[in-house]
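Q: Sharing a structure here in structure tokens format.
Below you can see the structure in the form of structure tokens.
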């Protein structure tokens, strides 16, 4: 099943790190969508997009003639338009780059898009130099030991974890409480089970932490 990559116009600085995170998927023929100035980042990363779209109010490069143009005054961000396009094409695995940055409004809106598209059946993850974020399924596997993992409930959630420094057993996580923050996987293939609610899983890149 073909995977999709969306590059949007937040903040990207470490191109080599992000390319390393997606190199296997790129080799498998990932379908690539650039939203507005995400096209600038794609060029810098040496990535050729299949589709470029947006209102192009922030792009610095020349807009491709084949680009899908949208009006500046619209009801959706360029990132949401890109996700709509991917979902309509049947995407089941989507990686978002450039979805986080110094604009808290855009960053938070993009994180909440994970919640918005939960019924699509697509696994959507946001990656930057510091974090990987995705919405929990019923069972979630953290493949590597030593990962710093936070569980952020968007709604009241019922959670069990195995293979972590601090384990939960049918514990209730509530929005606005920090119980699920900064745990550590103690073995490979640690498990997070979410029986109820909407739960955001964040894997932190500890090598780049700067509070």
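In the numbering used here, the protein residues as written are 471 to 681.
Glycine residues also receive a C-beta, built at the ideal position from the N, C-alpha and C atoms.
Tell me whether residue 490 is buried or exposed, calling it buried when 16 or more other Cβ atoms sit within 10 Å of its Cβ.
A: One-based indexing of the chain shown puts residue 490 at position 20. Exposed is the call here.
Q: Once the 5 residues before and after residue 520 are set aside, which same chain residues still bring their CB inside 6 Å of it?
A: Stepping through the chain shown from its first residue, residue 520 is reached at position 50. Closer than 6 Å at Cβ, skipping near neighbours: 501 and 502.
Q: Closer than 6 Å by C-beta to residue 475: which residues in its own chain qualify, once you throw out the five before and the five after it? Chain order, please.
A: Position 5 of the chain shown, counting from 1, holds the residue named residue 475. Closer than 6 Å at Cβ, skipping near neighbours: 500, 502 and 565.
Q: Between which two residues does the beta strand (DSSP E) harbouring residue 618 extend?
A: Walking along the chain shown from the start, residue 618 turns up at place 148. Run containing residue 618: 618-623, per the beta strand (DSSP E) assignment.
Q: For residue 663, does the three-state DSSP call read helix, strand or coil?
A: The residue given as residue 663 occupies position 193 in the chain shown. In this structure, residue 663 counts as strand in the three-state DSSP scheme.
Q: Measuring CA to CA, which of 609, 631, 512 and 567 is closest to residue 553?
A: The residue labelled residue 553 in the question sits at position 83 within the chain shown. Checked all of 609, 631, 512 and 567; the closest Cα to residue 553 is 567.
Q: Which word fits residue 478, buried or exposed, when buried means at least 16 other C-beta atoms lie within 10 angstroms of its C-beta?
A: Residue mapping note: residue 478 aligns to position 8 of the chain shown, counting from 1. So residue 478 ends up on the buried side.
Q: Taking only runs of the beta strand (DSSP E) that begin and end inside the segment 494-564, which ones reach a length of at least 3 residues, in chain order?
A: Whole beta strand (DSSP E) segments, 3+ residues: 501-505 and 521-524.
Q: State the start and end residues of the unbroken alpha helix (DSSP H) segment that holds residue 578.
A: Locating residue 578 in the chain shown gives position 108, counting from the first residue. 574-586 is the span of the alpha helix (DSSP H), which, as asked, contains residue 578.
Q: Could you please give the first and the last residue of the uninterrupted beta strand (DSSP E) stretch that includes residue 595?
A: Counted from its first residue, the chain shown places residue 595 at position 125. Its beta strand (DSSP E) spans residues 593-597.
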